[in-house]
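Same order as they appear, the protein sequences are chains A and B. Remember, our numbering sits 1 above the position in the first sequence when you count from 1. Anchor point for the second sequence: position 200 equals 183 in our numbering, and the numbering is continuous, going up by one each time.
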Amino acid sequence: MRPALVWLAAALLLLPLLPLIPWAFARGWFFPDLLPSRWSLAAWDYALSPAGGLLPALGVTTLIAALAATVSLALALPAARALGQRSFPGKGAMMLLVLAPVLVPGLAVTMGLQGLMTRAELTGTLAGVTLVHLIPVLPYATLLLAALFSGLDPDEEAQARSLGASPAAAFARVTLPALSPGLAAAWALGFLVSWSQYAPTLVAGAGQVQTLPLLLFAFLSSGRHDIAGAIGLVYLVPGLLVLALASRTLGRGLGASR
Amino acid sequence: MRRAPTLLLLAPVLLVLVPLFGGALLFGAARSLGHMPEIGMDGWSLAPWREVLTDPQTWRALALSLWIAAAATALSLVAGTALALGLARPFRGAGLARLLVQVNLTVPHLLAGAGVLLLLSQSGLAARGAAAFGWIDAPAEFPALVWDRAAAGTIAAYVVKEVPFVTLLALSTLASLGPGPVEAARTTGASRWQALRFVTLPALAPTLSAAGAITFAFAFGAYELPALLGASHPLALPVLAWQKETATSLTERPEAMALALMTAAVAAGLVGLVARARR
């Protein structure tokens, strides 16, 4: 592919994000106008009002994603160490178990859990939605951390141990610092995976837990494209932030290796 | 040196994933057999499966979901591979181009779908562009790419999301391959096309088949994009399942679960086949 075609492809990939911007600041934008004839913040006023529900949805989505990412990281860390640094019988089966929730559609999994969730009185609660978000988030965290562990040198921790460090101290002082950029990346990935979930929230939330994607869907299907544009722009932010931070870190890494 | 038993290290993940994921499949299977004790349905019955498997709507939904997944996967693989080959060679601004291509990786699927809706609907930005050029006079003259029977909008949204994914995986494989093999083929007389056909593509094949299987499984089983961008007739399989789940009649819930399990079985079965073929 020639560079001109590469630029064209990049532009085409980003084209769907473009109409969100004029919609979010339009006051009446009718066919065939290419740009709104009047600009305003009315969509934001409505979205931020109690009726719009943007702020509570933003809070709920952020809280669930942060919880799911943090819990997943804590649960995944030991397993990732085993998967990344050890070989053991049943390792293939373990990898399969970790991969399966990524590949099986979230709608089917969450629908299957409904009976259990109802009996545990978790349906329609924040805790219940966070729990079902663990199903896709935990695998991503485990796989990413396992890849990080497999790149670490286990001898360094062993050297710390032979110099008298306790297993906990060797882990905290040697392994954890070496992992920390990776831990941040795994947390960010987990956050984004939860942030993007639609079907599991729809099923487990039972209309009681309103996250940003559910709100966005509601305004899109009621034809309020201006409010959907405003919500869409807010919904875009964490991904762009992570991308900007990741490209800076990667850029520094490349610069240092030269 | 003392070290923690492997099983102990695996326990936290196992204790969460086995009950949640295994429980979902097990209790889901029971539910699809009409066993829903939480609402007083204590019996077991094959009727939901019989009902679902003899309903022509199921097979139309299956066909539509297979079409969406196949088209999205094929387009994403071709475009993603071409884009990776273009980005692998140095050119001015290549770093920026790579960054721009990666943006959609972090964009949630529903947001990509929202963008496609605002871009491709009959009064969307593309239709307005066509009107500015004088190609159309009214929204209805713009081709129906959203809420259409061929699911063009749904497929477009998946392609926009999955091309960056394929590109990134293919780029990392190309980077580990290095320019050596292609240069060797070229100096021994291979044309550019021959080098691509016999050196680069075979090296990319394992990556592309894995990326293709993941894309297919996702596009086949995900709910939000066909729900937002699909026609009301025919419905994609996951949309049909959720429509039955939320129907007023409780007897349709086991049928909904059967449809959801069908979706899961096709998605997982395909990935299994690809994994087996690669061995």
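Glycine included, C-beta positions come from ideal geometry on N, C-alpha and C. Predicted model only: the values in this text are computed from it and were never measured.
query	result
Please classify A:ALA27: does DSSP put it in a helix, a strand, or coil?	strand
List in chain order: all unbroken beta strand (DSSP E) runs of 3+ residues lying wholly within the segment 203 to 240 of chain A.	none
On the three-state DSSP scale, how would you describe A:MET2?	coil
Check whether the Cβ of B:MET24 lies closer than 8 angstroms to any Cβ atom in chain A.	no
For the alpha helix (DSSP H) containing B:GLU228, list its first residue and its last residue.	220 to 228
Does B:GLN177 get closer than 8 angstroms to chain A when you measure Cβ to Cβ?	no
Any C-beta of chain A within less than 8 angstroms: which residues of the segment 31 to 48 of chain B qualify?	none
Below 7 angstroms CB to CB, which residues in the same chain sit around B:ALA113 once its five sequence neighbours on both sides are set aside?	ILE119 and PHE125
Rounded to whole angstroms, what's the CA-CA distance from B:PRO209 to B:ALA200? Just pull it up for me.	14 angstroms
What residues from the segment 73 to 104 of chain B come within 7 angstroms of chain A, judged by C-beta to C-beta, listed N to C?	PHE74, ALA80, LEU82, LEU83, VAL84, GLN85, VAL86, ASN87, THR89, VAL90, PRO91, HIS92, LEU93, LEU94, ALA95, ALA97, GLY98, VAL99, LEU100, LEU101 and LEU102
Please identify, using Cβ separations under 8 angstroms, the residues of the segment 126 to 152 of chain A that lie next to chain B, in order along the chain.	LEU132, VAL133, LEU135, ILE136, LEU139, PRO140 and THR143
Since A:ALA83 meets chain D, which of its residues come closer than 8 angstroms, beta carbon to beta carbon?	Any reference to chain D falls outside this structure, whose protein chains are A and B.
By Cβ distance, which residues of its chain are closer than 7 angstroms to B:ARG261, with the 5 residues on each side in sequence left out?	PRO189 and SER192
Could you name the residues that DSSP lists as bridge partners for A:MET96?	None, per the DSSP bridge assignment.
Nearest to B:THR183 by CA position, among B:MET24, B:VAL142 and B:THR64, is which residue?	B:THR64
Is B:TRP225 close to chain A? Criterion is C-beta to C-beta, closer than 8 angstroms.	yes
Tell whether a beta-carbon distance below 8 angstroms holds between B:ALA97 and A:LEU217.	yes
DSSP on A:TRP45, reduced to helix/strand/coil?	helix
Establish whether the CB of B:PHE4 and some CB of chain A are separated by less than 8 angstroms.	yes
What residue ranges within the segment 52 to 112 of chain B form continuous alpha helix (DSSP H) runs of no fewer than 4 residues, ordered along the chain?	77 to 85 and 92 to 103
Could you name the residues of chain A that B:PRO122 contacts, counting a contact when the two beta carbons are closer than 7 angstroms?	PHE32
From this set, A:LEU9, A:ALA12, A:GLY224 and A:LEU14, which residue's C-alpha is nearest B:SER106's C-alpha?	A:GLY224
At 8 angstroms on the CB atoms, spell out the chain B contacts of A:TRP196, in chain order.	PRO91
At which residues does the alpha helix (DSSP H) containing B:ILE138 begin and terminate?	135 to 160
Work out the CA separation of B:SER48 and B:LEU220 for me, nearest whole Å.	6 angstroms
Is there a Cβ of chain B sitting closer than 8 angstroms to that of A:THR62, yes or no?	no
What's the gap between the Cα of A:ALA70 and the Cα of B:ALA167?	46 angstroms
Between the Cα of B:VAL(-4) and the Cα atoms of A:VAL110, A:VAL72, A:LEU21 and A:ARG174, which residue gives the shortest distance?	A:VAL72
In three-state DSSP terms, what is A:TRP40?	strand
Is B:PRO164 near A:LEU14, with beta carbons less than 8 angstroms apart?	no
Pull up the DSSP beta-bridge partners for B:MET24, would you.	B:MET19
Report the rounded CA-to-CA distance for A:TYR199 versus A:PRO37, giving the unit in angstroms.	30 angstroms
Taking only beta-carbon positions, decide if A:VAL243 is within less than 8 angstroms of chain B.	yes
DSSP three-state label for A:ARG120, please.	helix
Please check if any C-beta of chain B sits within less than 8 angstroms of the C-beta of A:TYR199.	yes
Classify B:THR37 as helix, strand or coil using the three-state DSSP reduction.	helix
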